[in-house]
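*Asks:* Numbering (our numbering), first residue to last: 34 to 175. Here a beta-carbon is modelled for each residue, glycine too, at the ideal position from N, C-alpha and C.
1. Determine, using beta carbons only, whether residue 143 and residue 104 come nearer to each other than 8 Å.
2. What residues are listed by DSSP as bridge partners for residue 52?
3. For residue 43 and residue 148, I'd like the C-alpha separation in whole angstroms.
4. Can you have a look at residue 76 and say buried or exposed, based on whether 16 or more other CB atoms are within 10 angstroms of its CB?
5. Answer yes if the stretch 56-64 comes into contact with the stretch 159-167, meaning at least three C-beta pairs across the two stretches below 8 Å, and no otherwise.
6. Return the chain-ordered list of same chain residues with a C-beta closer than 8 Å to the C-beta of residue 171, the five sequence neighbours on each side being excluded.
7. Looking only at its own chain, which residues have a Cβ that is under 8 Å from the Cβ of residue 37, when we skip the five neighbours before and after it?
8. For the candidate residues 146, 79 and 108, whose alpha-carbon lies nearest to that of residue 61?
9. Return the chain-ordered ranges of every alpha helix (DSSP H) run that is complete within the stretch 59-90 and spans a minimum of 4 residues.
10. What is the C-beta distance between residue 81 and residue 159, in whole angstroms, given that I count them as a contact (C-beta under 8 Å)?
11. Kindly indicate which three-state DSSP category residue 115 falls into: helix, strand or coil?
Written out as structure tokens, the structure reads:
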């Protein structure tokens with residue numbers, strides 16, 4: 034009987050997490066729709082706007098490259114999309130002029146992604162809307 038009660042509590046907790054996630058994503062999609070963005074689009078822009086994958090050390094072109102870009106491989110680990118869905122999203126954002134991709138000079142297999150001026154401006158414009166949506170759905174106040 035104890036295992037069934039524990040399972041029921043876990044199931045209830047899991048369903049609660051899914052519900053909060055779904056409400057939050059829908060609210061973010063709703064407020065960003067007029068800007069041509071969805072929650073996943075914003076997440077990519079927000080990660081790119083937050084800075085590089087990690088602190089770049091050293092000097093020269095390689096360190097400068099790391100300060101301005103994210104590797105697609107690392108971005109894939111931070112965005113909750115399949116690799117193919119992320120690739121399609123990045124392609125669309127690139128076609129819209131919000132980001133640009135380039136080849137890593139140090140490792141020609143690596144691909145860098147960075148925001149364009151248009152992408153930074155759009156991110157700055159919609160950031161308060163996304164944060165307000167988070168505050169509403171996650172119970173914070175603003």
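*Replies:* Based on what the coordinates show:
1. What you label residue 143 is simply residue 110 of the chain shown in a count that begins at 1. What you label residue 104 is simply residue 71 of the chain shown in a count that begins at 1. A contact, by the Cβ cut-off of 8 Å.
2. Position 19 of the chain shown holds residue 52. BP columns for residue 52 are empty, so no partner.
3. Taking the first residue of the chain shown as position 1, residue 43 is located at position 10. Taking the first residue of the chain shown as position 1, residue 148 is located at position 115. About 40 Å.
4. Numbered from 1 along the chain shown, position 43 holds the residue referred to as residue 76. Burial call: buried.
5. yes
6. Your numbering for residue 171 matches position 138 in the chain shown. Correct list, in chain order: 53 and 57.
7. By one-based count along the chain shown, residue 37 stands at place 4. There are no such residues.
8. Walking along the chain shown from the start, residue 61 turns up at place 28. For residue 61, the nearest C-alpha among the options comes from 79.
9. For the stretch 59-90, whole alpha helix (DSSP H) runs of length 4 or above, ordered along the chain, are 72-82.
10. For this step, residue 81 is matched to residue 48 along the chain shown. For this step, residue 159 is matched to residue 126 along the chain shown. That belief does not hold up - the Cβ atoms of residue 81 and residue 159 are roughly 13 Å apart, past 8 Å.
11. For the purposes of this step, residue 115 is taken as residue 82 along the chain shown, with counting starting at 1. In this structure, residue 115 counts as coil in the three-state DSSP scheme.
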